[in-house]
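Enquirer: First to last, the protein sequences are chains E and H. Quick note: the first sequence uses our numbering, first residue 348, plus one each step. Quick note: the second sequence uses our numbering, first residue -16, plus one each step.
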Amino acid sequence: NAGVTQTPKFQVLKTGQSMTLQCAQDMNHNSMYWYRQDPGMGLRLIYYSASEGTTDKGEVPNGYNVSRLNKREFSLRLESAAPSQTSVYFCASSPLNEQFFGPGTRLTVL
Amino acid sequence: TQLLEQSPQFLSIQEGENLTVYCNSSSVFSSLQWYRQEPGEGPVLLVTVVTGGEVKKLKRLTFQFGDARKDSSLHITAAQPGDTGLYLCAGDDTGGFKTIFGAGTRLFVKA
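Right under this line is the structure:
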């Protein structure tokens, strides 16, 4: 089992560019999550999906959109990147309360 | 809004020392999790505590859940350089589908 995989691992964007971060899990978990991690601020929830076909906003959803493509895949899209979105992005999946994280995507917006 | 406060924020100790880090809240959680995150990687689950007063041991790590299920502690005995990392506590949001994370305790163990 690969667990949770994320692509790409690193990305540099210019302000205004768009991109999609991909996430997939092979553990048959219903719930999936997108977080951003900034120094001194811990993990902040951007969006989550409690089950296939549903998505909900988390703590910091502005500037992001998500798609739960199927049970395995949950993507995060930045339509017009801003420097404030420079961060490390983690995808996670969960069978209940415990979360399993991917390796992260380090995004820099210039 | 439920919050989890972790202390201390940073801890630098010598190999062989003992330490305790804390996770506190004014809210009740049905369970709390502890994660360790190493540089360049995602957090990895260490343990879940569910019952008030519960104590769980994982080799040199001892986790305790407060009687009122509002706080938790992590005690490391005879710390080793391999224990270096960011320790995060997390609790389930009252909605059930979201998890609240503390800001973490960054531990550095010097050889």
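By construction, the Cβ of each residue, glycine as well, lies at the ideal position given by its N, Cα and C atoms.
Which runs of the alpha helix (DSSP H) fall wholly inside the segment 44 to 75 of chain H and span at least 4 residues, in chain order?
Expert: none
Enquirer: Have a look at the DSSP bridge pairing and note the partners of Q369 of chain E.
Expert: Paired residue(s): E:T354.
Enquirer: Could you tell me whether the Cβ atoms of E406 of chain E and A371 of chain E are closer together than 8 Å?
Expert: no
Enquirer: Taking just the CA atoms, how far does T352 of chain E sit from K39 of chain H?
Expert: One Cα belongs to K39 of chain H, the other to T352 of chain E, and the distance between them is close to 30 Å.
Enquirer: Under the criterion of a Cβ to heavy atom distance below 7 Å, does T433 of chain E qualify as lining the ligand MG?
Expert: Ligands in the displayed structure: none, and consequently the ligand MG is not present.
Enquirer: Tell whether a beta-carbon distance below 8 Å holds between V92 of chain H and P64 of chain H.
Expert: The Cβ atoms of V92 of chain H and P64 of chain H lie closer than 8 Å to each other.
Enquirer: Say whether the segment 364 to 383 of chain E touches the segment 417 to 436 of chain E, bearing in mind that this needs 3 or more beta-carbon pairs closer than 8 Å, one atom from each stretch.
Expert: Short answer: they touch.
Enquirer: What three-state label does DSSP hand S441 of chain E in the structure shown?
Expert: It is a strand residue.
Enquirer: Looking at Y436 of chain E: is its Cβ nearer than 8 Å to the Cβ of R391 of chain E?
Expert: no
Enquirer: Alpha carbons only, please: which of H:G(-1), H:E(-12), H:Q20 is nearest the one belonging to G451 of chain E?
Expert: H:Q20
Enquirer: To the nearest whole angstrom, what separates the beta carbons of V11 of chain H and R52 of chain H, a pair I think is in contact under 8 Å?
Expert: 5 Å
Enquirer: M388 of chain E versus chain H: which residues are under 9 Å apart at the beta carbon?
Expert: Result: A86.
Enquirer: Alpha carbon to alpha carbon, how far is F447 of chain E from L2 of chain H?
Expert: Roughly 26 Å separates the two Cα atoms.
Enquirer: I need the DSSP call for S13 of chain H, collapsed to helix, strand or coil.
Expert: coil
Enquirer: Whole-angstrom Cβ separation of T88 of chain H and P(-9) of chain H, contact assumed at under 8 Å?
Expert: 6 Å
Enquirer: Would L(-13) of chain H pass as a contact of S13 of chain H if the rule is Cβ separation under 8 Å?
Expert: no
Enquirer: What are the residues in the segment 426 to 457 of chain E lying within 8 Å of chain H by C-beta distance?
Expert: Cβ contacts with chain H come from F437, A439, S441, N444, E445, Q446, F447, F448, G449, P450, G451.
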